[in-house]
Structures are given as C-alpha cells and as structure tokens.
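Using the working numbering, you'd call the opening residue of the sequence shown number 937 and step up by one each time.
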Amino acid sequence: MEEKIVKIVAGKLRHYEGKPIKQEELESIRAAVYSATKTNKSASFSNVKKWIKAARSHMKKQEAEAKKSSKTAAKPSKHAKGAKHTAHHAPAAHVREQEIPVVSKKVEDSVNLIKDDVIPIPPMQLQEVSMAKPQVVFDKVYLQSIKYDIAGIRQTMERVSRQLDKLEKELESHGEDE
937 MEEKIVKIVA GKLRHYEGKP IKQEELESIR AAVYSATKTN KSASFSNVKK
987 WIKAARSHMK KQEAEAKKSS KTAAKPSKHA KGAKHTAHHA PAAHVREQEI
1037 PVVSKKVEDS VNLIKDDVIP IPPMQLQEVS MAKPQVVFDK VYLQSIKYDI
1087 AGIRQTMERV SRQLDKLEKE LESHGEDE
C-alpha cells in the first residue's frame, strides 16, 4: 500500500479521533485520497477500510517509536548522576522530524553562489559551435519494410472502413424497422 495514502488517511483519522467512522467519513477519506493522488476516485469502501486499518497500524508504530525515543531521552547518562534532568519528555514534533544532514561549508557556499547567480561568465568563454548535419543514408531493405508497413496499415484501414459501412447500413435498417 502506498505510504502517501496511509499518511493522508492517518491525518483524516486524527481529525475524526473519538468519532465513529460512518459512511460520510469513509466518503470524505476517499475524496481526500483522490484529491491528493488523483487516483482511487471510486474506490470501494472495503479498500477504504483497508487503508484505515493500515493507517491505524502506522500511527501505532509512530507512537511506539515516539515513546521509545522519549524514554531513551529521559534516561540520565552515567556521567550526570547527580545533575538534575530538566526535560523529562522530548516534544513529539521533534521526534517525527528527520535530522538535517550536515553539509560542508564549501558545498554550502557553492550552492549559495548558484542561488544568487553571482558566478560571472566572461563573454569570451561562450562560443557558438555549428554542428555538422548528419548524412542520412536510406537502405533499400529499410525503405521496403516501411513500404510493407504502410501497405498493411492501408489494408487495415480499408477493412475497418468496410466494417463501419456494414454497421451503418445495419443501424439504418434497424431504424426503418421500428
């Protein structure tokens, strides 16, 4: 199951927390998934219930991870036995956020230069190069295979045209009978 759908459904479940899930809620969850993904427009409610089940298990896993990380953060280290620990629990928002990777100063400066578009390029460096036109060589076998393909397409088109004419006559005859 797509993680994006699970996250959307989990958000809706947090919104409906404490309320029983009825037909209207199922419809709004399906509509929210459709508006975000542009798929599953007319998904069956059994599928929506499966999404809800997956979203609930996903939410339970997140809560378990949050509890586990808050317990490890709340334990005092061996070196600070006598010191008081002021923060007992880490905020849940910090637990869910991913850590920002450390980037070297050189890379950061390079990216900032590109963003600011400060890199001066002297006009002498830019030079237009004319490309040689490729020589096209047609092989007789290649041309003959294209000829056969075109002939096959024409035959198919004629057959379809005959079938359409036959259907049209049949429809007209049925129209006169009524």
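Backbone N, C-alpha and C fix where the C-beta goes; we use that ideal spot for every residue, glycine too.
DSSP-derived helix/strand/coil call for residue i
{"i": "L953", "result": "At residue 953 the sequence reads Glu, which differs from the Leu that was named. If DSSP states are grouped into helix, strand and coil, E953 belongs with coil."}
{"i": "A1068", "result": "coil"}
{"i": "I965", "result": "helix"}
{"i": "E938", "result": "coil"}
{"i": "I1036", "result": "coil"}
{"i": "G947", "result": "helix"}
{"i": "N1048", "result": "helix"}
{"i": "K1003", "result": "helix"}
{"i": "N976", "result": "coil"}
{"i": "V984", "result": "helix"}
{"i": "A1019", "result": "Because the pLDDT at A1019 is just 49, under 50, the model does not fix this residue reliably, and the value given afterwards should be weighed accordingly. Reduced to three states, the DSSP call for A1019 is coil."}
{"i": "Q1063", "result": "coil"}
{"i": "V1042", "result": "Note on identity: in this sequence residue 1042 is Lys, with Val being the wrong assignment. K1042 falls in the helix class under three-state DSSP."}
{"i": "K958", "result": "coil"}
Beta carbon of residue i nearer than 8 Å to that of residue j
{"i": "A991", "j": "L962", "result": "no"}
{"i": "W987", "j": "I1036", "result": "no"}
{"i": "I944", "j": "A972", "result": "yes"}
Outcome for residue i when other beta-carbon atoms lying within 10 angstroms are tallied against a minimum of 16
{"i": "I1089", "result": "exposed"}
{"i": "I1082", "result": "exposed"}
{"i": "A1068", "result": "exposed"}
{"i": "K1102", "result": "exposed"}
{"i": "A900", "result": "Since the first residue of the chain shown is 937 and the last is 1114, residue 900 is not available in this structure."}
{"i": "A946", "result": "buried"}
Residue i CB to nearest heavy atom of the ligand FMN below 7 Å
{"i": "V945", "result": "For the structure depicted, the ligand FMN is absent and the ligand set is empty, with no information on it obtainable."}
Legend entry - Three or more C-beta pairs below 8 Å linking the stretch 981-989 and the stretch 964-971: Touching, yes.
Inset, instruction - May I have a chain-ordered list of the alpha helix (DSSP H) segments no shorter than 4 residues that lie completely inside the stretch 1075-1110? - result: Counting only runs of 4 or more, we get nothing.
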